[in-house]
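Participant: Before anything else, here's the structure in question.
Residue numbers (the numbering used here): 56 to 581.
Dropping the structure here:
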């Protein structure tokens, strides 16, 4: 979830504005957004949002936050195409100014100058941004890798990057994701041979799952389909969108014609290859529905699923669930652990060392990774001869120049959740209540009282998610007695009585289950 702010002379620019995906700590939520309170309070001084590339963790928050910020967006053609589709879907295209910048183009915003510098990544038009300021230049890499045989686009050469370094770089803000990898990430061009071997040897239907945004991999898969004599079928809305935008902006012109699901299912099993979303275990993506048997595409024993993607940390359980379902059906599976069917889009240590050598920054600022990745890159950069390095935590305000880097303080940052159609604080009342409900369950208690606070009939108690199971009737009887006793003790006022009822019933629930359910109390006067 990338959001970066650069400020000088009282003005600010934002680089990227992405999302992350929720985990079980956010029940009922799929998408997490950044809390932009700091810059919202300074919105009159924000000049624009500059996007490095089109991955969701870099552009995904724009449909929800860009209109409120009210500043123009800047992106190269392919990235702009993806953004435009998101704004159209959200119905806010007329509220957001989207500026398309030529590849390797330049533009200015107040005291800032920007130039896109193409770098290889797993999506077309991955870019670093060279930022000119009155105090020096910043080379913000975005996501990148080195690739001798990229399938889409032409990344900057070592000579071009060395020339940028010759001009002087104050700070290198650099991707840390693969800093622990001792080897370079490898070329997209090398994946084709691995996929040819795996898919060429398959006897049944083949389904390949990959990141939808990895247009270079889509091109490779199109070539593999031709190499192996298979007809191609594509399953997943995000894949359709990427293919549409890529073709509209001049990429994937040689991608083979695809057939619909019914046609694919009518072909001999050996003659079809399906590319589908869902390799990270997303429950509503195509692969999950295929595994569950609820998709038009069907797989049977002896068919093959190839996971042409890296397993993102945190998704292991979701991916394992789908793989277990496929295994139970007799479907064979191959991942990057068994064959060369994937390469990363992020730099390993040799690539990082090369970038330091070419750019020669005064300061290294690791980003894009967990704390252990960023700390390790700072250490590695210093070992490679970078003069200074600083590890920044979310919210820390850093002065880069003059006389930097120095941590000046910590500003408010945080997370918002997209809950249905509503944006809420990630740790606000709604989410905290939902966490309690998911952990402990809920009890409703209703009592009817006369004007003397005497019970009229028995208390009514309903349970949701409270683990009493076979002891349900006995527990309800005990809880009713506790409610009756709470009423009998008397209370000064209705609020005190409501709290006494709540505590009495919850104590019985804790005694029976060890849980502390949410207890709601209704008092009716009659």
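Here a beta-carbon is modelled for each residue, glycine too, at the ideal position from N, C-alpha and C.
As the structure is a prediction and not an experimental result, all values here were calculated from the model.
Taking the alpha carbon of residue 184 as the reference point, which residue from 156, 165 and 542 has its own alpha carbon closest?
Facilitator: The residue labelled residue 184 in the question sits at position 129 within the chain shown. Considering only alpha carbons, the answer is 156.
Participant: Expressed to the nearest angstrom, what Euclidean distance is found between the alpha-carbon atoms of residue 395 and residue 63?
Facilitator: The sequence position of residue 395 within the chain shown is 340, counting from 1. The sequence position of residue 63 within the chain shown is 8, counting from 1. Near 46 Å, if we compare the C-alpha coordinates of residue 63 and residue 395.
Participant: Apart from the five residues just before and just after residue 351, which ones in its own chain have a Cβ nearer than 6 Å to its Cβ?
Facilitator: Taking the chain shown and counting its residues from 1, the one referred to as residue 351 is at position 296. Excluding residues within five positions, the ones whose Cβ falls inside 6 Å are 316.
Participant: Please go through the segment 351-400 and give each complete beta strand (DSSP E) segment of 3 or more residues, from N-terminal end onward.
Facilitator: 359-362 and 387-389
Participant: Taking 7 Å as the threshold (C-beta atoms), are residue 268 and residue 332 in contact?
Facilitator: Locating residue 332 in the chain shown gives position 277, where the first residue counts as 1. Locating residue 268 in the chain shown gives position 213, where the first residue counts as 1. No. Outside cutoff.
Participant: Helix, strand or coil: which one does DSSP assign to residue 497?
Facilitator: Counting from one through the chain shown, the residue named residue 497 turns up at place 442. Here residue 497 sits in strand by DSSP.
Participant: Quick check on the burial criterion: 16 or more other C-beta atoms within 10 angstroms. Buried or exposed for residue 372?
Facilitator: Locating residue 372 in the chain shown gives position 317, counting from the first residue. With fewer than 16 other Cβ atoms within 10 Å, it is exposed.
Participant: My guess is that residue 649 and residue 500 are in contact by the Cβ rule of under 8 Å, so how many angstroms apart are they, rounded?
Facilitator: Any answer about residue 649 is impossible in this case: the structure gives the chain only from 56 up to 581.
Participant: In three-state DSSP terms, what is residue 302?
Facilitator: Position 247 of the chain shown, counting from 1, holds the residue named residue 302. DSSP places residue 302 in helix when its eight states are reduced to three.
Participant: Assuming contact is defined by CB atoms lying nearer than 7 Å, are residue 141 and residue 118 in contact in what I supplied?
Facilitator: What you label residue 141 is simply residue 86 of the chain shown in a count that begins at 1. What you label residue 118 is simply residue 63 of the chain shown in a count that begins at 1. Their beta carbons are under 7 Å apart, which means residue 141 touches residue 118 by this criterion.
Participant: Can you list, in chain order, the residues of its chain whose CB lies under 7 Å from that of residue 217, leaving out five sequence neighbours each side?
Facilitator: As a first step, residue 217 must be located in the chain shown, where it is residue number 162. Answer for residue 217: 413, listed in chain order.
Participant: Taking the Cβ atom as the reference point for each residue, do residue 562 and residue 574 lie within a distance shorter than 7 Å?
Facilitator: Your numbering for residue 562 matches position 507 in the chain shown. Your numbering for residue 574 matches position 519 in the chain shown. No. Outside cutoff.
Participant: Look at the Cβ atom of residue 227, then the Cβ atom of residue 437, and state whether they are nearer than 7 Å.
Facilitator: Locating residue 227 in the chain shown gives position 172, where the first residue counts as 1. Locating residue 437 in the chain shown gives position 382, where the first residue counts as 1. Taking 7 Å as the Cβ cut-off, residue 227 and residue 437 do not qualify as a contacting pair.
Participant: Residue 135: which of 179, 166, 164 and 102 sits nearest, CA to CA?
Facilitator: Mapped onto the chain shown, residue 135 falls at position 80. Nearest of 179, 166, 164 and 102 to residue 135, Cα basis: 179.
Participant: According to DSSP, simplified to helix, strand and coil, what is residue 199?
Facilitator: Translated into positions along the chain shown, residue 199 becomes position 144. Of the three classes helix, strand and coil, the one that applies to residue 199 here is coil, per DSSP.
Participant: Got a sec, what are the start and stop residues for the beta strand (DSSP E) residue 46 sits in?
Facilitator: Any question about residue 46 goes unanswered here, given that the chain covers just 56 to 581.
Participant: Which value, in whole angstroms, describes the spacing of the CA atoms of residue 253 and residue 325?
Facilitator: Counted from its first residue, the chain shown places residue 253 at position 198. Counted from its first residue, the chain shown places residue 325 at position 270. Answer to the nearest angstrom: the Cα atoms are 13 Å apart.
Participant: Does the distance from the C-beta atom of residue 84 to that of residue 513 stay below 7 Å?
Facilitator: The count along the chain shown starts at 1 and reaches residue 84 at position 29. The count along the chain shown starts at 1 and reaches residue 513 at position 458. Contact: no.
Participant: At 4 residues or longer, what runs of the alpha helix (DSSP H) sit wholly inside the segment 89-121?
Facilitator: 92-95 and 111-114
Participant: In or out: residue 495 buried (at least 16 other Cβ within 10 Å) or exposed?
Facilitator: As a first step, residue 495 must be located in the chain shown, where it is residue number 440. By the neighbour-count rule (16 or more Cβ atoms within 10 Å), residue 495 is buried.
Participant: Which residue from 390, 277, 336 and 471 puts its Cα closest to that of residue 360?
Facilitator: Locating residue 360 in the chain shown gives position 305, counting from the first residue. For residue 360, the closest alpha carbon among the candidates 390, 277, 336 and 471 is that of 390.
Participant: Excluding sequence positions up to five away, which residues of its chain have a Cβ less than 6 Å from the Cβ of residue 385?
Facilitator: Start at 1 with the first residue of the chain shown, and residue 385 comes out as number 330. 356.
Participant: Any idea what DSSP makes of residue 426, helix, strand or coil?
Facilitator: Mapped onto the chain shown, residue 426 falls at position 371. It is helical.
Participant: Does residue 123 pass the burial test, meaning 16 or more other C-beta atoms within 10 Å, or should it be called exposed?
Facilitator: In the chain shown, the residue the question calls residue 123 occupies position 68. Flag for residue 123 reads exposed.
Participant: Under DSSP, the alpha helix (DSSP H) around residue 409 begins and ends at which residues?
Facilitator: The residue you call residue 409 lines up with position 354 of the chain shown. Under the DSSP assignment, residue 409 falls in the alpha helix (DSSP H) whose first and last residues are 404-414.
Participant: Following the continuous beta strand (DSSP E) through residue 329, name the residue where it begins and the one where it ends.
Facilitator: The count along the chain shown starts at 1 and reaches residue 329 at position 274. 327-331 is the extent of the beta strand (DSSP E) around residue 329.
Participant: Could you say which of 192, 229 and 214 lies nearest to residue 200 if we only look at CA atoms?
Facilitator: In the chain shown, residue 200 corresponds to position 145, counting from 1. Here the closest residue by C-alpha is 229.
Participant: What are the start and end residues of each continuous beta strand (DSSP E) run of 3 or more residues lying completely inside the segment 429-486, in chain order?
Facilitator: 451-454, 461-465, 470-474 and 477-480
Participant: In terms of DSSP beta bridges, what is residue 154 paired with?
Facilitator: By one-based count along the chain shown, residue 154 stands at place 99. As a beta-bridge residue in DSSP terms, residue 154 pairs with 129.
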